[in-house]
Amino acid sequence: MRSTRAAAAGAVTLSLVLAASACGGGSATGGGSDDSPKTLTYWASNQGASIEIDKKVLQPELDKFEKQTGIKVKLEVVPWSDLLNRILTATTSGQGPDVLNIGNTWSASLQATGALLPWDAKNFDKIGGRDRFVDSALGSTGAQGEDPAAVPLYSMAYALYYNKKMFAEAGVSKPPATWDELVATGKKVSKDGKWGLGAEGSNASENIHHAYVFAKQHGADFFTADGKPDFTGDATVAAVKQYVDLMAKDKVIAPGNAEYAQNQSVSDFAKGKTAMLLWQSASANLKSQGMSEDDYGVAPVPVQSGTPGTGKQVNSMVAGINLAVFKNTDNLDGATKFVKFMTSDDEQKILNKAYSSIPPVKTAQSDAAFASPANAVLKDTLAQSAVALPQVADESQFETAVGTAIKDLFADAAAGRAVTTASVKAALEKAQQQMPAA
Amino acid sequence: MTTTVEAGTPPVRKSPSGAARGPRRRTGRIHRVGLPYLLLLPALLLELLVHLVPMVIGVVMSFKELTQFYIRDWGTAPWAALDNYKVSVDFDAPVGEALLHSFLVTVAFTLLSVGLCWLIGTAAAVFMQDTFRGRGLLRALFLVPYALPVYAAVITWVFMFQHDNGLVNHVLHDQLGLTDKPSFWLIGDNSFIALLTVSVWKGWPFAFLIVMAGLQNIPRELYEAAALDGAGVWQQIRRITLPSLRPVNQVLVLVLFLWTFNDFNTPYVLFGRTAPAAADLISVHIYQASFVTWNFGTGSAMSVLLLLFLLLVTGVYLVLTSRGRRAAS
Amino acid sequence: MSSPLAPPRSFLWSRRIFLTLLTGFVLLPVYVMVSSSLKPLADVTGKFRWLPTELTIRPYIDIWSTVPLARYFLNSLIVAGAATVCSVVIAVFAAYAVSRYDFRGKRVFTVTVLSTQMFPGILFLLPLFLIYVNIGNATGIALFGSRGGLILTYLTFSLPFSIWMLIGYFDSVPRDLDEAALVDGCGPLGALFRVVVPAAVPGIVAVAVYAFMTAWGEVLFASVMTNDTTRTLAVGLQGYSTLNDVYWNQIMAASLVVSVPVVAGFLLLQRYLVAGLTAGAVK
Numbered sequence: 001m002r003s004t005r006a007a008a009a010g011a012v013t014l015s016l017v018l019a020a021s022a023c024g025g026g027s028a029t030g031g032g033s034d035d036s037p038k039t040l041t042y043w044a045s046n047q048g049a050s051i052e053i054d055k056k057v058l059q060p061e062l063d064k065f066e067k068q069t070g071i072k073v074k075l076e077v078v079p080w081s082d083l084l085n086r087i088l089t090a091t092t093s094g095q096g097p098d099v100l101n102i103g104n105t106w107s108a109s110l111q112a113t114g115a116l117l118p119w120d121a122k123n124f125d126k127i128g129g130r131d132r133f134v135d136s137a138l139g140s141t142g143a144q145g146e147d148p149a150a151v152p153l154y155s156m157a158y159a160l161y162y163n164k165k166m167f168a169e170a171g172v173s174k175p176p177a178t179w180d181e182l183v184a185t186g187k188k189v190s191k192d193g194k195w196g197l198g199a200e201g202s203n204a205s206e207n208i209h210h211a212y213v214f215a216k217q218h219g220a221d222f223f224t225a226d227g228k229p230d231f232t233g234d235a236t237v238a239a240v241k242q243y244v245d246l247m248a249k250d251k252v253i254a255p256g257n258a259e260y261a262q263n264q265s266v267s268d269f270a271k272g273k274t275a276m277l278l279w280q281s282a283s284a285n286l287k288s289q290g291m292s293e294d295d296y297g298v299a300p301v302p303v304q305s306g307t308p309g310t311g312k313q314v315n316s317m318v319a320g321i322n323l324a325v326f327k328n329t330d331n332l333d334g335a336t337k338f339v340k341f342m343t344s345d346d347e348q349k350i351l352n353k354a355y356s357s358i359p360p361v362k363t364a365q366s367d368a369a370f371a372s373p374a375n376a377v378l379k380d381t382l383a384q385s386a387v388a389l390p391q392v393a394d395e396s397q398f399e400t401a402v403g404t405a406i407k408d409l410f411a412d413a414a415a416g417r418a419v420t421t422a423s424v425k426a427a428l429e430k431a432q433q434q435m436p437a438a
Numbered sequence: 001m002t003t004t005v006e007a008g009t010p011p012v013r014k015s016p017s018g019a020a021r022g023p024r025r026r027t028g029r030i031h032r033v034g035l036p037y038l039l040l041l042p043a044l045l046l047e048l049l050v051h052l053v054p055m056v057i058g059v060v061m062s063f064k065e066l067t068q069f070y071i072r073d074w075g076t077a078p079w080a081a082l083d084n085y086k087v088s089v090d091f092d093a094p095v096g097e098a099l100l101h102s103f104l105v106t107v108a109f110t111l112l113s114v115g116l117c118w119l120i121g122t123a124a125a126v127f128m129q130d131t132f133r134g135r136g137l138l139r140a141l142f143l144v145p146y147a148l149p150v151y152a153a154v155i156t157w158v159f160m161f162q163h164d165n166g167l168v169n170h171v172l173h174d175q176l177g178l179t180d181k182p183s184f185w186l187i188g189d190n191s192f193i194a195l196l197t198v199s200v201w202k203g204w205p206f207a208f209l210i211v212m213a214g215l216q217n218i219p220r221e222l223y224e225a226a227a228l229d230g231a232g233v234w235q236q237i238r239r240i241t242l243p244s245l246r247p248v249n250q251v252l253v254l255v256l257f258l259w260t261f262n263d264f265n266t267p268y269v270l271f272g273r274t275a276p277a278a279a280d281l282i283s284v285h286i287y288q289a290s291f292v293t294w295n296f297g298t299g300s301a302m303s304v305l306l307l308l309f310l311l312l313v314t315g316v317y318l319v320l321t322s323r324g325r326r327a328a329s
Numbered sequence: 001m002s003s004p005l006a007p008p009r010s011f012l013w014s015r016r017i018f019l020t021l022l023t024g025f026v027l028l029p030v031y032v033m034v035s036s037s038l039k040p041l042a043d044v045t046g047k048f049r050w051l052p053t054e055l056t057i058r059p060y061i062d063i064w065s066t067v068p069l070a071r072y073f074l075n076s077l078i079v080a081g082a083a084t085v086c087s088v089v090i091a092v093f094a095a096y097a098v099s100r101y102d103f104r105g106k107r108v109f110t111v112t113v114l115s116t117q118m119f120p121g122i123l124f125l126l127p128l129f130l131i132y133v134n135i136g137n138a139t140g141i142a143l144f145g146s147r148g149g150l151i152l153t154y155l156t157f158s159l160p161f162s163i164w165m166l167i168g169y170f171d172s173v174p175r176d177l178d179e180a181a182l183v184d185g186c187g188p189l190g191a192l193f194r195v196v197v198p199a200a201v202p203g204i205v206a207v208a209v210y211a212f213m214t215a216w217g218e219v220l221f222a223s224v225m226t227n228d229t230t231r232t233l234a235v236g237l238q239g240y241s242t243l244n245d246v247y248w249n250q251i252m253a254a255s256l257v258v259s260v261p262v263v264a265g266f267l268l269l270q271r272y273l274v275a276g277l278t279a280g281a282v283k
């Protein structure tokens, strides 16, 4: 048996050597360099109706960039289902793109890994300065007091989309301004298999976006001022319950929506199955599904009382996509140039029009295309009543934990089980205990 | 009974292992010593590269505090000693409690799935032992679920299990009127049933295939002798077929158990990255602990615990079943 | 059962009922897949209906442009094909060594190889990824993101079961045969390829089918280890569900298209499979 033991010892040694070398991971080229100045790899998130459409939108722009600078950009559009995993593995191994898109709510989480290039004053100067960007968009680029981990690229906000014809048939003359009005309106239009409002009950991120706005409207938050999770305060519980009650108690959301996670609620709206939808920048999406812009109206998301969009009533999160540079890029100069290009006025107008989002660059916003009634609502919301999701390192875990808790609450509601203050509180308590800091 | 058990092993296999000794001596010393190792080398290297070394690294990771703050350069991640394990098995705290729940769900799911797969597969194989019209076609049909790529098969079930537009609710609710209102299959408690259905649908043909192969090894004379003794078909199945299948079952059940317990593809395609509590299988649970909450240290610790459990079960199972077989013969 | 007594009525009826129910269970999803793939979009987004309102082959045309299905197909073919060939060759060598030679460490080898079946994939996903990246950095061989890395991974996934099955099969090939070949002056490898392999064709086919299926359907590793140009079908198909509308008819059509090669191959080779398993695995 001696040789066996020797072989085993050899195997273990080999593993340890490999393990040790694996530890080198991302640090090998930690600083970033300009070793390959002629190429860049760009991971874009999926913004259009499909990945192929995204390629058609982006490729001509990348060609333009190549003509200007001689730098060839290799584009990969990464589906949302894979994006965070791909970023994580890229972070772990140091083997990633040079420039990438991140969901702006992930900014602080990814910032904590230290893999992204910090945008200090010097870096900002290279792309025309921090002042070019709208404040609300900058508020979602990393933890407060630290240099942003990314630069805003597309901005979006939630709005209430409503079906004009269904409203007219039900005798509703104007979009609801408060939740009570929304419930009343929803009840009026709910008949013959049609429902008032659509929701994505199984989509953790959507749940978080809405729950956070409700929490803000109740004067609550999910995190304390110093970034500790705090999910179980009375106001927070009431906020989450109010959202789930739209299905459980008010019955304006169809129970079937509890299992939606793939934008089925948008399809339902486009097909006239639901009369209202709370969505961010839905026009391009609705158009691709054959719903004409004349068929629906866009209004600010309702508030608890009064008129939305006035005073201090929050009615949307700051949604959007940020552009980040991997710290260990081997074409730092080119990456910066590319960020400058993508945030230039011209590109901002072209890209944001294509994706029906709002440019986070002030000078690009003035374009007439962003002054249409639908876009005006989004623009005003972003400027006045949108709030960034918590910029804490645990944001990603928060989305998972609380988003899943709400998904389970929707499942309860759909199955006809009672959703009570106690059951909401219990679900949130469980979510909070799963948080790393707890 | 003794003879029937022995009958399960094909006689050819019994060729004495000493028979090859003579010629091998003639091929020379180098071959005799080096050749087998040379032949094993590619397999050995690949196993080391893809299975064993990564596993060792995985075990190392389980002793580290590998959260998002350290993944970029995990050489610098602080050693966590046994913290990751303590968190995983502290069943009074939420993480451990969730792991225990997931573990129990997986055990229940695996037992039911393996049991049903075995039962259906064996029944089908036994019923199809005789030739009858359409047997060949039926056999081909039965193998289709196993041959289908997991993704294609499971996504079809997702389509069928939808609440509003799925076939399952259409049949159960609209056509048969068995439920007061359409049920949810992909969320809530029923998700366990949905998962079990898909798993059995996909897995039983494997049992069918193996048992069918095992049946070919049962000598016909046994049946003829039994028939002469006046045993009917049912008695033949009970007295000859099932006991003869014991050695086959020993391996089949173990393989099914391991594959089902570690199955990731089915729940992942069926439910996405967060499974409903009722169907929270351990593989997806660990995936979530690692990738969704970015805590690779705890995730690795859970994987190691899972591996230890499977090793233990396999060891005990093999000892028990082998002893059973030896006692029987 | 060649019983001289005709099977009793109870047996025949149980068989009829059981096999009918089972056929229904097995075929239901297959029917749904086929019929839905021929439906217009409106039929699959509304209430389920057994029969299409009209038949259309539109989904089969659209699937190629919605996602680059042809490229994924090619990638899967290359990856699964190469993994299968390599896995079979390597398994044949290893199984021959274990079956025909006594050597130190034999037991350790077989036990270790088989025990890898117990490893949860999630445990070594990240480490394997790191190893590939480091090999790439050290030697310039791009394993991560390339088809090569995926081929290596998949062929190793199917190795344990393949080796184990082939050991059983080779054991059942009489040793007199290779002895005769050795006497005739063949080397051990000559004996392997001229005598043992031809006698073990069913077992080898069974192993090849298994290896191909493993590589064709794997999702977890492919989702992390491939990029746009090397993505395989199993991951690429998910592209349909990231669209704004869920095009169920296209998803079903694409699922069918990716299933046809494996299912057809599987059914064509099923006779070998049963024969291979009979001698190889089931003892």
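Residue numbers (my numbering), protein chains in the order written: chain A, 1 to 438; chain B, 1 to 329; chain C, 1 to 283.
C-beta atoms are modelled at their ideal positions from N, C-alpha and C, and glycine is treated no differently.
Source: prediction; values computed, not measured.
Would you say residue i touches the ligand HEM, meaning its beta carbon is less than 7 angstroms from a heavy atom?
| i | result |
| --- | --- |
| I141/C | No copy of the ligand HEM appears in this structure; indeed no ligand is present at all. |
Mind pulling the chain B residues with CB within less than 9 angstroms of residue i?
| i | result |
| --- | --- |
| P148/A | Simply none; closest approach about 18 angstroms. |
| R107/C | Within chain B, no residue comes near R107/C; the closest Cβ sits about 13 angstroms away, beyond 9 angstroms. |
Quick one: which chain A residues come within Cβ less than 7 angstroms of residue i?
| i | result |
| --- | --- |
| D164/B | G256 |
| W157/B | Ordered by position in chain A, no residue passes the 7 angstroms Cβ test against W157/B, which lies about 14 angstroms from the chain. |
In angstroms, rounded to a whole number, what distance separates the CA positions of residue i and residue j?
| i | j | result |
| --- | --- | --- |
| W179/A | K181/B | 28 angstroms |
| L150/C | M225/C | 7 angstroms |
| N352/A | P175/A | 26 angstroms |
| L209/B | A275/C | 10 angstroms |
| L318/B | S281/A | 60 angstroms |
| L99/B | L126/C | 21 angstroms |
| R58/C | V211/B | 42 angstroms |
Classify residue i: buried if its beta carbon has 16 or more other beta carbons within 10 angstroms, exposed otherwise.
| i | result |
| --- | --- |
| P198/C | exposed |
| S78/B | A quick correction: the sequence has Pro, not Ser, at residue 78/B. With fewer than 16 other Cβ atoms within 10 Å, it is exposed. |
| R132/A | buried |
| W80/A | exposed |
| N191/A | Sequence inspection shows Lys at residue 191/A; the Asn mentioned does not correspond to that position. Label assigned to K191/A: exposed. |
| E259/A | buried |
| V201/C | exposed |
List the residues of chain C that residue i touches, going by C-beta distances under 8 angstroms, in chain order.
| i | result |
| --- | --- |
| T92/A | L126, F129, L130 |
Helix, strand or coil: how does DSSP classify residue i here?
| i | result |
| --- | --- |
| S305/A | coil |
| Y42/A | strand |
| S155/A | strand |
| A258/A | helix |
| T347/A | The sequence given here has Glu at residue 347/A, not Thr. In this structure, E347/A counts as helix in the three-state DSSP scheme. |
| Y243/A | helix |
To which residues of the same chain is residue i closer than 8 angstroms at the C-beta, ignoring the five residues directly before and after it?
| i | result |
| --- | --- |
| N190/B | S183, F184, A278 |
| E399/A | T105, A204, S205, I208 |
What does residue i reach in chain B if we use C-beta pairs closer than 8 angstroms?
| i | result |
| --- | --- |
| E259/A | Q162, H163, F184, L186, I187 |
Cβ closer than 9 angstroms: which chain C residues qualify as neighbours of residue i?
| i | result |
| --- | --- |
| Y342/B | The question about residue 342/B has no answer, for chain B in this structure spans 1 to 329. |
| N85/A | S223, V224 |
By Cβ distance below 7 angstroms, which residues in the same chain neighbour residue i in space, the five residues on each side in sequence not counted?
| i | result |
| --- | --- |
| L196/B | F109, L112, S113 |
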